[in-house]
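Enquirer:
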Amino acid sequence: MNLFKQLAASKSVSHLIASFCRGSCLSFLHSSPGASIEVYSEEREVLIALGSNVGHKLNNFNLALQLMKKSGIDITRHSRLYETAPAYVTDQPLFLNAAVRGVTKLAPHELLGVLKKIEKDMGRTDGIRYGPRPIDLDIVFYGKFRVNSENLTVPHEKMWERPFVLAPLIDLLGSDIETDTVASWHSLSKLSGGLFEAWEKLGGESLIGKDGIRRVLPVGERLWDWSQRTSVMGILNLTPDSFSDGGKYQSVENAIAQVHQMILEGADIIDLGAQSTRPMASRISAEEELDRLIPTLEAVKDIADAEGKLLSVDTFYAKVASEAVKKGAHLVNDVSGGQLDPDMFSVVADLNVPYIAMHMRGDPTTMQNCDNLQYTDLCKQVALELDSRVRHAEFLGLPVWRIIIDPGIGFSKNTQHNLDILMGLKTIREEIGRKSLALSHGPLLIGPSRKKFLGEICNYPVAADRDPATVAAVAAGVLGGANIVRVHKVRDNVDAVKLCDAMLMRKRSVA
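Just so you know, we're using this note's numbering here: the sequence shown kicks off at 12 and counts up by one.
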């Protein structure tokens, strides 16, 4: 069921809009640039679309966002990234498209002037209309105003026919209409279902992955479409005390052999961890963690690069994340979701790498205590707590287009909670989507491998005996919507993932 139909089945979008817009929630500006500049001094929420198809497109986005911040536009939320086919003038490179929400005290034409200056400073020139450009910045919405002047129309009159505008725009909303400003944006569509209905009229989610538009996550120099198939992340523990295989891969030689084996068996990502996060594990310093990690990371980097595989560093220390990325890691996997090191979000934002935000309460020594296991609605609370962490990350400059979420199986969860997560991945996405469709549209990782709950259910006290149960848990997760699975035993889970992907593809083809 698409988003518009889901909303229509429960409560009409028009009713939700009306609950905010008593009377009229829109103001109209029919003005010249000079007539409207000085009128507005209070802060307004704005939505700005970004596009680029010349040079390093993502670097262009990053620079544009930096220049916007310096010019009085504070970015608060980011869409996902979209790689799109060019429109109107088709003989040109693919575009990268996104959108951001922010707040500014700039008046509409002042804002337009700032964006045009940024475009010019970044090398945009007057060329072919709809032709190639290093950066394109358009005001999609400005507060609750409709603007009509000689050189500025808000909303843009062509946005309703452009999937490359509406897809990232929808990301910046939640399925709940949280403010009267957002309600006014919906009302601008002139449709009872608001912006959601406008998106569905173009094809909605059915367009993604085909018809010239892909939702992508930037990893190094590549744009990764994670929706094409489920990825397998192989676990490499470099610790003496991990719950499953502590001590096996402490030597660089053993670690290299294991990496070769996991790649041979089909792993897409190798996740290197040098600090145990099992329940009640003692915390080591960042320096000791680096001493364990760096020699192996340096040794396996060339192996992974040669095979086109990704390396992830499993750490909650910002210092370890920074050093690991400098030595070749492509992703940062943080079990604490930024809670155990206040510098993590800002450091990863500067590293420009994907970040896996996992749900956990407390730390490994406290995560399984009674207080941290208290939930009244597990899936809803996990979703809200993840959304809260990601909002904070975005505020510190880490865009959601780089974020992967992990509901944290085995962390601050008992056996029943872990089962609820495996059965409730769709619910978790939907609950996150109530606040942020961008976050719900992103990749989701699960890590049930050899966890204690599998041993309790299947009566296997020894972790290594839980591999068959892991395969079953992985299959349930993939069929429930997981995009990445983190496992110890790669081969069997690769086969399980292939079968599940084939089943899902078959289901889509006959739908």
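C-beta: ideal position from N, C-alpha, C; glycine also.
1. Three Cβ pairs or more, each shorter than 8 Å: is that satisfied between the region 365-384 and the region 416-424?
2. Under a three-way DSSP split, which group does N108 fall into?
3. What residues in its chain sit with their C-beta under 8 Å from that of S323, if we drop five residues either side in the sequence?
4. What three-state label does DSSP hand E53 in the structure shown?
5. Using only alpha-carbon positions, find the residue among Q103, A96, N108 that is nearest to N71.
6. If the criterion is Cβ atoms closer than 9 Å, does the pair A335 and V358 meet it?
7. Kindly indicate the opening and closing residues of the beta strand (DSSP E) around T87.
8. Please name the residue or residues paired with G62 in a DSSP beta bridge.
9. Within its chain, find whatever has a CB closer than 8 Å to the CB of L448; leave out the 5 residues flanking it on each side and keep chain order.
10. What are the complete alpha helix (DSSP H) segments, minimum 4 residues, inside the region 178-257?
11. In or out: G458 buried (at least 16 other Cβ within 10 Å) or exposed?
12. Since M355 is in the beta strand (DSSP E), which residue starts that stretch and which ends it?
13. Taking 7 Å as the limit between beta carbons, can you name the residues of its chain near H452, skipping five residues before and five after?
14. In angstroms, rounded to a whole number, what distance separates the CA positions of L249 and N265?
15. Spatial neighbours of L78 within its chain, please: CB distance less than 6 Å, with the 5 preceding and 5 following residues excluded, ordered by chain position.
16. Straight-line CA distance for K131 to T190?
17. Let's test the definition: count the other Cβ atoms within 10 Å of the Cβ of Q427 and tell me whether it reaches 16, buried, or not, exposed.
18. Expressed to the nearest angstrom, what Euclidean distance is found between the alpha-carbon atoms of Y471 and I59?
19. Determine the direct distance from the alpha carbon of H89 to that of V151, and round the result to whole angstroms.
20. Taking contact to mean at least 3 C-beta pairs separated by less than 8 Å, is the region 401-412 in contact with the region 458-468?
21. So, do the region 308-317 and the region 346-353 have three or more beta carbon pairs nearer to each other than 8 Å?
22. In its own chain, which residues sit with a C-beta less than 7 Å from the C-beta of T438, not counting the 5 before and 5 after it?
23. Out of G488, I432, L397, point me to the one whose CA is closest to R445's CA.
24. Let me confirm a value: D417 is counted as buried when at least 16 other C-beta atoms fall within 10 Å, else exposed. Which label applies?
25. In three-state DSSP terms, what is G34?
26. For S47 and H120, what's the separation of their Cα atoms in angstroms?
27. So, helix, strand or coil for L510, using DSSP?
28. At least one CB of chain C closer than 9 Å to the CB of D279: is that the case?
29. Drop a sphere of 10 angstroms on the beta-carbon of D431, count the other beta-carbons inside from all chains shown, and report buried for 16 or more, exposed for fewer.
30. Which residues in the same chain have their Cβ closer than 6 Å to the Cβ of D236, if we skip the five residues on either side of it in sequence?
31. Quick check on this structure: which residue in E211, A118, N504, L490 has the alpha carbon closest to the alpha carbon of M514?
32. Run through the region 293-343 for me and flag every whole alpha helix (DSSP H) of 4 or more residues, listed as ranges in chain order.
33. Indicate whether L540 and G408 have their beta-carbon atoms separated by less than 9 Å.
34. Provide the residue(s) that pair with T136 in DSSP beta bridges, ordered along the chain.
35. Count the other CB atoms, across all protein chains shown, that sit within 10 Å of the CB of V176; report buried if there are 16 or more and exposed otherwise.
36. Among residues of its own chain, excluding the 5 on either side of G488, which ones have a beta-carbon nearer than 8 Å to its beta-carbon?
Expert: For this structure:
1. These segments touch.
2. In the three-state DSSP reduction, N108 falls in the strand class (E or B).
3. Counting only Cβ-Cβ distances below 8 Å, and skipping sequence neighbours, we find M244, I280, I281, D282, L283, A340, H341, L342, V343, N344, I367.
4. DSSP places E53 in coil when its eight states are reduced to three.
5. Out of Q103, A96, N108, N108 has the C-alpha closest to the C-alpha of N71.
6. No.
7. Residues 84-89.
8. Answer is N108, D147, bridged to G62.
9. So the list reads L14, I181, D182, L183, L184, G185, S186, once near-sequence residues are dropped.
10. Within the region 178-257, the complete alpha helix (DSSP H) runs of at least 4 residues are 191-198, 205-213.
11. Answer is buried; the Cβ neighbour count reaches 16.
12. For M355, there is no enclosing beta strand (DSSP E); the residue is part of the alpha helix (DSSP H) that begins and ends at 355-362.
13. R91, D182, R226.
14. The straight-line gap separating the alpha-carbon atoms of L249 and N265 is approximately 10 Å.
15. If we look at L78 and ignore the five residues flanking it on each side, its Cβ neighbours are I129.
16. Using only the alpha carbons, I get a separation of about 34 Å.
17. A residue is called buried when at least 16 other Cβ atoms come within 10 angstroms of its Cβ; Q427 does not meet this threshold and is exposed.
18. Between Y471 and I59, the alpha-carbon positions lie close to 54 Å from each other.
19. Taking the straight line joining both Cα atoms gives about 14 Å.
20. At 8 Å Cβ cutoff, the stretches do not touch.
21. Judged by pairs of C-beta atoms under 8 Å, the region 308-317 does not touch the region 346-353, as fewer than three such pairs exist.
22. Once the five neighbours on either side are set aside, the close Cβ partners of T438 are C390.
23. The candidate whose alpha carbon is nearest that of R445 is L397.
24. Counting every other CB atom within 10 Å of its CB across the protein chains shown gives D417 a total of 16 or more, marking it as buried.
25. At G34, the pLDDT of 44 sits below 50, so the modelled position is not reliable; the number obtained from the coordinates is stated separately. Three-state result, G34: coil.
26. Its pLDDT being 43, under 50, S47 is placed unreliably by the model, and the measurement read from it follows with that caveat. Cα-Cα distance, rounded: 7 Å.
27. DSSP places L510 in the helix class (H, G or I) of the three-state scheme.
28. No chain C appears in the structure shown, which is made up of a single protein chain.
29. The residue in question, D431, is buried, as its Cβ has 16 or more Cβ neighbours within 10 Å.
30. These residues qualify, in order along the chain: R225, V227.
31. Measuring from the Cα of M514, the nearest candidate turns out to be L490.
32. Within the region 293-343, complete alpha helix (DSSP H) segments of at least 4 residues are found at 297-318, 329-337, given in chain order.
33. Absent from the model: residue 540. The displayed extent of the chain is 12 to 522, so no value can be given.
34. In the DSSP output, where bridge partners are listed per residue, T136 has none listed.
35. Label assigned to V176: buried.
36. The residues are L433, L436, I457, P459, V496.
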